[in-house]
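>
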Amino acid sequence: MKYSGLYFISNPTAQVPGSEAICQSLSTGIERNFERANREEGGWNLSHIIFRNTQDTSSNQNGNANSYHHLLRLSYLNPNCAFSFIQQPSSDPPASQPTPAKDGSSASEAAQPPSTVQPAQGPIVSLPTEQFESFYSLILNQWTQLWTPQRALDIPPTFPGFTYTVPNFTIHIGALRARRSGPQTAGSLSPGVLVCITTGAGAFEDDDDDDDDDDDRNKSNGNDVDMKDVNAEIEEELDFSSVQEQIRGIWKMLTKGVDLGKSEMREVMQGAQGSGGNKQKGTEAADERSEQTEDERSEQTEDERSEQTEEFEKYAYDQGLQGQAETVLFNGGTLD
1 MKYSGLYFIS NPTAQVPGSE AICQSLSTGI ERNFERANRE EGGWNLSHII
51 FRNTQDTSSN QNGNANSYHH LLRLSYLNPN CAFSFIQQPS SDPPASQPTP
101 AKDGSSASEA AQPPSTVQPA QGPIVSLPTE QFESFYSLIL NQWTQLWTPQ
151 RALDIPPTFP GFTYTVPNFT IHIGALRARR SGPQTAGSLS PGVLVCITTG
201 AGAFEDDDDD DDDDDDRNKS NGNDVDMKDV NAEIEEELDF SSVQEQIRGI
251 WKMLTKGVDL GKSEMREVMQ GAQGSGGNKQ KGTEAADERS EQTEDERSEQ
301 TEDERSEQTE EFEKYAYDQG LQGQAETVLF NGGTLD
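Written out as structure tokens, the structure reads:
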């Protein structure tokens, strides 16, 4: 299974050249501090857009918390799919804000505790990558009574991020650009740089084929054991503290001798639950359909197909407006 740690480096100038300079410094640090660092060809891109639910004045006065609608497109995660999910208000108390150190140093110098992204508590809806922008435009222009633009960040294909591989680790680096909407769309701001460090975690790989082979062997021996359930239990018991420390070690080596100036850094570690990844329901359904014979598909009546289409459209509509999920990329959907 894969496990990732995410680092955000702020850009004090908020200008694109400032973020590009940080990226160049990190690239130099990797090539200087890692003997076997290899820069991969090609780039990667990201779009993370956040909408806040539109509330009337009376709702805000009652202290109702906001919901957030996230749109995510990350090319190295899945080049063919983008994702939509709705983050409902959390019942957990808000995390404490960092305070200045007692020695009088500024808040930027005070230590900020790392955070961990918790797993989504509801369905995440996938859509084809080519429909990402049209879906964004639909929410922005047609669903204004439901959602208000909050933040839109991109690592665009025209200025892609880059990737380094070092033994057992993959490092993705990219300069974020803030997307503007409305009459003043000229120019571009860059709030900072994103660094994602990914490695393998645990001795058990999430391989469906191996699980199926183990299931067959167990059943042939008279044991009614589902290896997927066993691996799920093992995954819940895995201690990710060691791999988190390894990622932090890579981060320290990466930034050794790198002058980040007045930039602030924030660390977010991936949640442990579900780190192995789950097969998408749409993929499972496609597999089931592919296993049908031509005769079985032809036996399905037009009325049955129409009924299934209506059910799917209703499901997609409900999930698009009412699904619950938490942010995959940023803890709480913010970079502050």
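Position 39 (the sequence shown) corresponds to 39 in full-length UniProt numbering; numbering is contiguous.
We put the CB at the ideal spot given by N, CA and C, even for glycine.
Taking a contact to mean a Cβ-Cβ separation below 9 Å, would you say Pro167 touches Asn45 in this structure?
For this step, residue 167 is matched to residue 167 along the sequence shown. For this step, residue 45 is matched to residue 45 along the sequence shown. Going by C-beta atoms, Pro167 is not nearer than 9 Å to Asn45.
> Are the CB atoms of Asn11 and Val193 nearer to each other than 9 Å?
Taking the sequence shown and counting its residues from 1, the one referred to as residue 11 is at position 11. Taking the sequence shown and counting its residues from 1, the one referred to as residue 193 is at position 193. Yes; because the gap between Cβ atoms is below 9 Å, this pair is in contact.
> How long is the line joining the alpha carbons of Ser137 and Pro128, rounded to whole angstroms?
Taking the first residue of the sequence shown as position 1, residue 137 is located at position 137. Taking the first residue of the sequence shown as position 1, residue 128 is located at position 128. Those two C-alpha atoms are separated by around 15 Å.
> When you compare the CB positions of Gln270 and Leu6, do they come within less than 9 Å of one another, or not?
In the sequence shown, the residue the question calls residue 270 occupies position 270. In the sequence shown, the residue the question calls residue 6 occupies position 6. Contact flag set, yes.
> Hey, Asn53 and Trp147 are a contact pair by Cβ (cut 8 Å); roughly how many whole angstroms apart?
By 1-based counting over the sequence shown, the position of residue 53 is 53. By 1-based counting over the sequence shown, the position of residue 147 is 147. So it is a contact: roughly 6 Å between Cβ atoms.
> In this structure, how does DSSP classify Ala178 when only helix, strand and coil are distinguished?
Locating residue 178 in the sequence shown gives position 178, counting from the first residue. Three-state result, Ala178: strand.
> Mapping DSSP to helix, strand and coil, what is Gln270?
Position 270 of the sequence shown, counting from 1, holds the residue named residue 270. Coil at Gln270, not helix or strand.
> With a threshold of 8 Å, establish whether the CB of Asn141 neighbours any heavy atom of the ligand MG.
In the structure on display, the ligand MG does not appear, and there are no ligands present to speak of.
> Taking only the alpha-carbon atoms, compute the straight-line gap between Thr49 and Leu71 and give it to the nearest angstrom.
For the purposes of this step, residue 49 is taken as residue 49 along the sequence shown, with counting starting at 1. For the purposes of this step, residue 71 is taken as residue 71 along the sequence shown, with counting starting at 1. In the sequence under discussion, the amino acid at residue 49 is Ile, which differs from the Thr named in the question. Taking the straight line joining both Cα atoms gives about 5 Å.
> Check whether the Cβ atoms of Leu74 and Thr255 lie closer than 9 Å to each other.
Taking the first residue of the sequence shown as 1, we reach residue 74 at position 74. Taking the first residue of the sequence shown as 1, we reach residue 255 at position 255. No, the pair does not count as a contact, with Cβ atoms beyond the cut-off.
> Quick one: what's Asp154 bridged to in DSSP?
By one-based count along the sequence shown, residue 154 stands at place 154. For Asp154, which the question treats as bridged, DSSP gives the partners Ser47, Arg177.
> Below 6 Å CB to CB, which residues in the same chain sit around Arg266 once its five sequence neighbours on both sides are set aside?
The sequence position of residue 266 within the sequence shown is 266, counting from 1. Excluding positions up to five away in sequence, the list reads Phe8.
> Answer yes or no: do Leu153 and Arg180 have a C-beta to C-beta separation smaller than 9 Å?
Here residue 153 refers to the residue found at position 153 of the sequence shown. Here residue 180 refers to the residue found at position 180 of the sequence shown. No.
> Is the Cβ-Cβ distance between residue 354 and Phe135 less than 9 Å?
A question about residue 354 goes unanswered here, because the residues of the chain that appear run from 1 up to 336.
> Can you tell me whether DSSP reads Pro17 as helix, strand or coil?
Indexing the sequence shown from 1 puts residue 17 at position 17. In this structure, Pro17 counts as helix in the three-state DSSP scheme.
> Can you grab the Cα-Cα spacing for the pair Met1 / Gly261, in whole Å?
Stepping through the sequence shown from its first residue, residue 1 is reached at position 1. Stepping through the sequence shown from its first residue, residue 261 is reached at position 261. Answer to the nearest angstrom: the Cα atoms are 36 Å apart.
> Do the CB positions of Ile173 and Thr165 come within less than 9 Å of each other?
Along the sequence shown, read from residue 1 onward, the residue named residue 173 stands at position 173. Along the sequence shown, read from residue 1 onward, the residue named residue 165 stands at position 165. Their beta carbons are not under 9 Å apart, which means Ile173 does not touch Thr165 by this criterion.
> Taking only three categories from DSSP, how would you classify Gly257?
To locate residue 257, count along the sequence shown from 1; it is residue 257. It is coil, neither helix nor strand.
> On the CB-based measure, 16 or more other CB atoms within 10 Å of its CB, does Gln131 come out buried or exposed?
Stepping through the sequence shown from its first residue, residue 131 is reached at position 131. That one is exposed.
> Could you pull out every residue in the same chain whose Cβ sits closer than 7 Å to the Cβ of Arg36, ignoring the five residues on either side in sequence?
Start at 1 with the first residue of the sequence shown, and residue 36 comes out as number 36. Only Val166, Pro167 meet the Cβ criterion.
> Count the other CB atoms, across all protein chains shown, that sit within 10 Å of the CB of Gln87; report buried if there are 16 or more and exposed otherwise.
Walking along the sequence shown from the start, residue 87 turns up at place 87. The residue in question, Gln87, is buried, as its Cβ has 16 or more Cβ neighbours within 10 Å.
> Should residue 381 go down as buried or exposed, given a rule of 16 or more other Cβ atoms within 10 Å for buried?
Any property of residue 381 remains undetermined from this structure, which presents the chain solely from 1 to 336.
> Using the Cβ count rule (16 or more neighbours within 10 Å means buried), how would you classify Ser241?
Position 241 of the sequence shown holds residue 241. Exposed, since its Cβ has fewer than 16 Cβ neighbours within 10 Å.
> Hey, how far is the Cα of Ala175 from the Cα of Thr198?
Residue mapping note: residue 175 aligns to position 175 of the sequence shown, counting from 1. Residue mapping note: residue 198 aligns to position 198 of the sequence shown, counting from 1. Rounded to whole angstroms, Ala175 to Thr198 spans 18 Å at the Cα level.
> Taking the alpha carbon of Pro149 as the point to measure from, which residue in Ser67, Trp251, Pro17, Val16 has its own alpha carbon closest?
Locating residue 149 in the sequence shown gives position 149, where the first residue counts as 1. Pro149 has its Cα closest to that of Ser67, out of Ser67, Trp251, Pro17, Val16.
> Looking only at C-alpha atoms, which of Phe34, Glu133, Ala65 sits nearest to Cys81?
Along the sequence shown, read from residue 1 onward, the residue named residue 81 stands at position 81. Nearest option by C-alpha distance: Glu133.
> Can you give, in chain order, each stretch of the alpha helix (DSSP H) that sits fully within the stretch 65 to 91 and has at least 4 residues?
Counting only runs of 4 or more, we get nothing.
> Give the secondary structure of Arg36 by DSSP, where H, G and I count as helix, E and B as strand, and everything else as coil.
Against the sequence shown, residue 36 aligns to sequence position 36. Coil.
> Roughly how many angstroms separate the alpha carbons of Cys196 and Asn33, rounded to a whole number?
Against the sequence shown, residue 196 aligns to sequence position 196. Against the sequence shown, residue 33 aligns to sequence position 33. Their Cα atoms are separated by approximately 17 Å.
> For Gly29 versus Gly249, is the C-beta distance shorter than 9 Å?
The count along the sequence shown starts at 1 and reaches residue 29 at position 29. The count along the sequence shown starts at 1 and reaches residue 249 at position 249. Cβ distance not < 9 Å, so Gly29 and Gly249 don't count as in contact.
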